[in-house]
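Numbering (my numbering), first residue to last: 46 to 205.
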């Protein structure tokens with residue numbers, strides 16, 4: 046059974062979605078590939094104490110790695126990319142090619158990019174830490190301005 050709640054953040058409202066009580070979605074307003082609201086289930090603002098606590102601590106600059114349980118629905122390849130994203134250390138970036146290489150498939154950088162763009166749990170699964178081969182910003186489902194703000198925040202260049 047799906048349920049959701051909406052919380053405030055420095056990036057605007059975040060919609061947290063649970064599947065049988067386990068976080069399966071974190072969506073920003075205007076996010077590309079955001080599911081339709083009616084798929085989020087009933088609203089329940091008592092959900093996600095641990096998730097909201099970890100997000101608050103992250104936005105305060107005190108949390109570097111999320112430990113909440115996730116239920117990520119996707120293809121095996123997508124899930125392998127999302128697992129790799131969670132291994133990128135706070136404050137660091139990787140290119141799509143580096144992720145493809147880490148997955149053992151040098152030619153898969155485009156597929157890595159597509160999987161990255163379909164990440165259902167932004168911020169916690171840090172797809173914002175992936176950049177182009179030259180180090181430049183490339184697409185981000187939440188918008189390039191949010192991606193830059195997240196990267197600046199994690200590098201210590203900006204605090205909320």
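Glycine included, every Cβ here is placed at the ideal spot set by N, Cα and C. Small disclaimer: the values here were computed from a predicted structure and weren't measured.
C-beta atoms of residue 127 and residue 67 nearer than 9 angstroms = Locating residue 127 in the chain shown gives position 82, counting from the first residue. Locating residue 67 in the chain shown gives position 22, counting from the first residue. No, they are not a contact pair.
Report the three-state DSSP secondary structure of residue 49 (helix, strand or coil).
-> Working through the chain shown from its first residue, we reach residue 49 at position 4. Note: residue 49 maps to strand in three-state DSSP.
State yes or no: is the C-beta of residue 165 within less than 9 angstroms of the C-beta of residue 71?
-> Against the chain shown, residue 165 aligns to sequence position 120. Against the chain shown, residue 71 aligns to sequence position 26. Taking C-beta atoms as the reference points, residue 165 and residue 71 count as a pair closer than 9 angstroms.
Start and end residues, alpha helix (DSSP H) containing residue 106 = As a working note, residue 106 is residue 61 in the chain shown. Counting along the chain, residue 106 falls outside any alpha helix (DSSP H), and DSSP gives it neither H nor E.
With distances taken between CB atoms, is the gap from residue 61 to residue 53 smaller than 9 angstroms?
-> The sequence position of residue 61 within the chain shown is 16, counting from 1. The sequence position of residue 53 within the chain shown is 8, counting from 1. Cβ distance not < 9 angstroms, so residue 61 and residue 53 don't count as in contact.
Could you spell out the range, first to last residue, of the beta strand (DSSP E) harbouring residue 70?
-> Numbered from 1 along the chain shown, position 25 holds the residue referred to as residue 70. Here the beta strand (DSSP E) through residue 70 covers 67-73.
Report yes if the C-beta distance between residue 118 and residue 172 is below 9 angstroms; otherwise report no.
-> The count along the chain shown starts at 1 and reaches residue 118 at position 73. The count along the chain shown starts at 1 and reaches residue 172 at position 127. Residue 118 places its beta carbon 9 angstroms or farther from that of residue 172.
Report the partner residues of residue 139 according to the DSSP bridge assignment.
-> Start at 1 with the first residue of the chain shown, and residue 139 comes out as number 94. Beta-bridge analysis with DSSP links residue 139 to 175.
Indicate the three-state DSSP secondary structure (helix, strand or coil) for residue 118 in the structure shown.
-> For the purposes of this step, residue 118 is taken as the residue at position 73 of the chain shown. Reduced to three states, the DSSP call for residue 118 is coil.
Grab me the residues of residue 102's own chain with a C-beta within less than 6 angstroms of its C-beta, minus the 5 sequence neighbours each way, in chain order.
-> Walking along the chain shown from the start, residue 102 turns up at place 57. Counting only Cβ-Cβ distances below 6 angstroms, and skipping sequence neighbours, we find 108.
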